[in-house]
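What follows is a single structure, written as structure tokens, with notes after it.
There are 2 protein chains.
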Amino acid sequence: MSTLEKSYHHGDLRAALIAAAIECLEAGEPFSLRAVARRAGVSSAAPYRHFADREALDSAVAVEGFKDLRKDLAAALAEGGTRARPEEAITALGVAYVAFALRRPAVFRLMFGNECDDADSERVQASKQLHEVLNQAIEPLIPGANISSLSTALWSMAHGLAFLHLDGKFRPEPSDEVAVRVQSAVAAIFALRGAPE
Amino acid sequence: MSTLEKSYHHGDLRAALIAAAIECLEAGEPFSLRAVARRAGVSSAAPYRHFADREALDSAVAVEGFKDLRKDLAAALAEGGTRARPEEAITALGVAYVAFALRRPAVFRLMFGNECDDADSERVQASKQLHEVLNQAIEPLIPGANISSLSTALWSMAHGLAFLHLDGKFRPEPSDEVAVRVQSAVAAIFALRGAPE
DNA sequence: TGCGATATGTTTGCACTGCTTACATCAGCG
DNA sequence: CGCTGATGTAAGCAGTGCAAACATATCGCA
Numbered sequence: 000m001s002t003l004e005k006s007y008h009h010g011d012l013r014a015a016l017i018a019a020a021i022e023c024l025e026a027g028e029p030f031s032l033r034a035v036a037r038r039a040g041v042s043s044a045a046p047y048r049h050f051a052d053r054e055a056l057d058s059a060v061a062v063e064g065f066k067d068l069r070k071d072l073a074a075a076l077a078e079g080g081t082r083a084r085p086e087e088a089i090t091a092l093g094v095a096y097v098a099f100a101l102r103r104p105a106v107f108r109l110m111f112g113n114e115c116d117d118a119d120s121e122r123v124q125a126s127k128q129l130h131e132v133l134n135q136a137i138e139p140l141i142p143g144a145n146i147s148s149l150s151t152a153l154w155s156m157a158h159g160l161a162f163l164h165l166d167g168k169f170r171p172e173p174s175d176e177v178a179v180r181v182q183s184a185v186a187a188i189f190a191l192r193g194a195p196e
Numbered sequence: 000m001s002t003l004e005k006s007y008h009h010g011d012l013r014a015a016l017i018a019a020a021i022e023c024l025e026a027g028e029p030f031s032l033r034a035v036a037r038r039a040g041v042s043s044a045a046p047y048r049h050f051a052d053r054e055a056l057d058s059a060v061a062v063e064g065f066k067d068l069r070k071d072l073a074a075a076l077a078e079g080g081t082r083a084r085p086e087e088a089i090t091a092l093g094v095a096y097v098a099f100a101l102r103r104p105a106v107f108r109l110m111f112g113n114e115c116d117d118a119d120s121e122r123v124q125a126s127k128q129l130h131e132v133l134n135q136a137i138e139p140l141i142p143g144a145n146i147s148s149l150s151t152a153l154w155s156m157a158h159g160l161a162f163l164h165l166d167g168k169f170r171p172e173p174s175d176e177v178a179v180r181v182q183s184a185v186a187a188i189f190a191l192r193g194a195p196e
């Protein structure tokens, strides 16, 4: 219980390891099990009492990331209160999604950008929940459309924007401009509305 | 780096290493410099005569990937000949993009999904050229739109679709269905055309 | 022709990684 | 108190990226 005492047993090593891993990632340092253990002040084999292997730690960190991303998206939705037009909510979601990716690139890469083949892990659950949140957010915004496909399209667009920014595949710009680019991309899609068929 | 890479010992080790690396990736084996060297029948330090470090080999492989992807996209565009509607060309591009990612997942991950901070490397050049090809393909299709933003939006969508499929973030489906999903996503975007403002 | 310079490949070795095995320590409970 | 299981440690394995010293084949030039 005592936070100060450094006893043989570490109060909650599992959580401490996840936190240390996130710190490592955020600090841009190489994310090795040993480095994480070192940062938690513990021997390099200790993590294996709590995680089967490195992949398991990865997944735990990814799950944290999914929770945080969901918070960000929910906040972005709530922030605007009632919006005049559905596009604004969708734009806000996209901006928040890309902002998260750019603010925490290593965690975002860990969340996605991995094989993640285990069919029913906690990690897959977390990503599915995120998917559903997005769907539910998009669904009421555009009545009468093919919701499923449109949701897929918009999520993919946000995801692609995030990754392409992350990988520097766009002309580099000040971070404020990123939001502008996302807004423009969404706007370009919705601008098709007025276009002639 | 003369144009005629007539080598003495091995023949053309540089190319052989890139080929071996691609084989490794395609075989799902761990992509280590040593494994690549082993596969090329050469000592583990030999690659350092041709590549400054592992990143350099990565980049060389990525450049190959970009070339191949460009070929695929060009073929997809040409294949349909003159198309009745611009959506069809864009859909074909998207399907080809995602198909490439799923057919060669490891190479695709290497092409993107990396930091790639070097500002003017051959690798960055290759990705920029790809970007331009996409832009030029999209540009004439939809007159009067904000081409740059629309191009970004559509590329991002294809990129996101590719990565989300790769990461198993969609319900798993037979590979034929992937094309259908991509087509549906593009269709959902263009369906907005008819929607009321 | 001969011979040194240079490009290429090898050997060896270091620090690091993920992971395993055997052992040490502590908490909880009879 | 002592037993037992959970938790942490120490030591060591194979594999990795990388560097330095060494060896060799090919080229440029006399």
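Chain order of the listed sequences is A and B.
Residue numbers for the first sequence follow numbering that gives the first Met the number 0, so the first one is 0 and each next one is one higher.
Residue numbers for the second sequence follow numbering that gives the first Met the number 0, so the first one is 0 and each next one is one higher.
Don't be surprised by glycine CBs; every beta carbon is placed ideally from N, CA and C.
Answer yes or no: do residue i and residue j have a C-beta to C-beta separation smaller than 7 Å?
i: H158/A; j: L163/B; result: yes
i: A26/A; j: S148/B; result: no
i: A100/B; j: L165/B; result: yes
i: A61/B; j: R122/B; result: yes
i: G79/A; j: V181/A; result: no
i: C23/A; j: V41/A; result: no
i: I188/B; j: I188/A; result: yes
i: A74/B; j: A91/B; result: no
i: M156/B; j: A161/A; result: no
i: L191/A; j: L191/B; result: yes
Taking residue i as part of the alpha helix (DSSP H), name the residues at either end of that continuous run.
i: D11/A; result: Element bounds for D11/A: n/a, residue is neither H nor E.
i: L140/B; result: Careful: L140/B lies outside any alpha helix (DSSP H) and carries neither H nor E.
i: P85/A; result: 85-102
i: L191/A; result: Note, L191/A: premise wrong, no alpha helix (DSSP H); not H, not E.
i: E120/A; result: According to the sequence provided, residue 120/A is Ser. The question's Glu does not apply to it. Premise fails: S120/A is in no alpha helix (DSSP H) and is neither H nor E.
i: K66/A; result: 53-78
For residue i, tell me which candidate among the options has the shortest Cα-Cα distance.
i: E131/B; options: S120/B, A95/B, P142/B, I146/B; result: I146/B
i: F111/B; options: A75/B, S150/B, D57/B; result: D57/B
i: S120/A; options: F30/A, E54/A, V106/A; result: E54/A
i: R209/B; options: Q128/A, D52/A, I137/A; result: Not covered by the structure: residue 209/B. The range shown for chain B is 0 to 196.
i: E176/B; options: A74/B, A98/B, T151/B, L133/B; result: A98/B
i: A186/B; options: R37/B, P46/B, A88/B, E63/B; result: A88/B
i: E86/B; options: S150/B, L160/B, R13/B, G167/B; result: S150/B
i: K168/A; options: F50/B, E63/B, S126/B; result: S126/B
i: P139/B; options: Y47/B, R84/B, L68/B; result: R84/B
i: Q124/B; options: A59/B, I21/B, A136/B, H49/B; result: A59/B
i: A136/B; options: A51/B, A77/B, N113/B, F65/B; result: A77/B
Could you have a look at residue i and say whether DSSP puts it in helix, strand or coil?
i: S183/B; result: helix
i: S42/A; result: coil
i: A152/B; result: helix
i: G159/B; result: helix
i: K127/B; result: helix
i: S147/A; result: helix
i: S31/A; result: coil
i: H164/B; result: helix
i: F169/B; result: coil
i: F107/B; result: helix
i: E176/A; result: helix
i: A20/A; result: helix
i: A36/A; result: helix
Within a Cβ cutoff of 6 Å, which residues of the same chain sit near residue i, ignoring the five residues on either side of it in sequence?
i: A39/B; result: A15, L16, A19
i: W154/B; result: L133
Apart from the five residues just before and just after residue i, which ones in its own chain have a Cβ nearer than 8 Å to its Cβ?
i: R108/A; result: L165
i: R37/B; result: S43
i: A105/A; result: L24, E25, G27, F30
i: K66/B; result: A125
Comparing the CB of residue i with every heavy atom of the ligand FMN, is any distance shorter than 6 Å?
i: E176/A; result: Absent from the structure shown: the ligand FMN. Ligands present: none.
Sorted by chain position, which residues of the same chain lie with C-beta nearer than 7 Å to residue i's C-beta, five sequence neighbours on each side aside?
i: A45/B; result: L12, A36
i: A95/B; result: D71, L72, A75
i: S1/B; result: Residue confidence for S1/B is low, a pLDDT of 34 falling below 50, so the modelled location carries little weight; the figure read from the coordinates is stated next. Within the same chain, S1/B has no close Cβ partners at all.
i: V179/A; result: none
i: E63/B; result: I17, I21
i: H49/A; result: L12, R13, L16
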